[in-house]
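Undergrad: Quick one: the structure is below, questions incoming.
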């Protein structure tokens, strides 16, 4: 049930972001970039090269504490770690590609700021998932591993 605390923090952070956007006059669609999202999803698909879908599913099930599994807790921890690393790597690649693309069009200086902001969205998506999904789930697994080693 410790995942409820993580869910509460996630909702609290969402409310804080919504408040920040409302105060600054931004709209939710300002943070929506389908190309960056597809790029990050492609990075996460690299996890399927090393692990089967059932292993990945079991990692999430174990981290949420929904049921026990035959799968090793350390393997689940490693799967979630790789998911975070591949997402961050895809976010960094998305940032580099977006920056090069934005700087390639220096003729229009008015559009440069928006182009550079869009180049950051992929990295923001990856960091958001890593900080608010992967790390809490890894912490839950690490807690389970420590309990297992004690007993």
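In our numbering, the protein residues as written are 1176 to 1326. Idealized CB from N, CA, C, for every residue including glycine. Just so it is clear, the structure is predicted and the values come from calculations on it, not from any experiment.
Measuring only the C-alpha atoms, how far is residue 1243 from residue 1316?
TA: 12 Å
Undergrad: Roughly how far, in whole angstroms, is the beta-carbon of residue 1248 from the beta-carbon of residue 1237, given that I think they are within contact range, below 8 Å?
TA: In this structure, residue 1248 and residue 1237 form a Cβ contact; the two beta carbons are roughly 6 Å apart against a cut-off of 8 Å.
Undergrad: Let's see if you can read the secondary structure: which residues bound the alpha helix (DSSP H) around residue 1288?
TA: 1284 to 1304
Undergrad: What do you get for residue 1228, buried or exposed, if any count of 16 or more other CB atoms within 10 angstroms of its CB means buried?
TA: It is exposed - the Cβ of residue 1228 has fewer than 16 other Cβ atoms within 10 Å.
Undergrad: Quick check: what's the CA-CA separation for residue 1197 versus residue 1246?
TA: 45 Å
Undergrad: Just how far apart, CA to CA, sit residue 1217 and residue 1260?
TA: 13 Å
Undergrad: Check residue 1226 in the structure and name its three-state DSSP category.
TA: coil
Undergrad: So, with DSSP's three-state summary, where would you put residue 1207?
TA: coil
Undergrad: If you follow the alpha helix (DSSP H) that residue 1251 is in, where does it begin and where does it stop?
TA: 1248 to 1278
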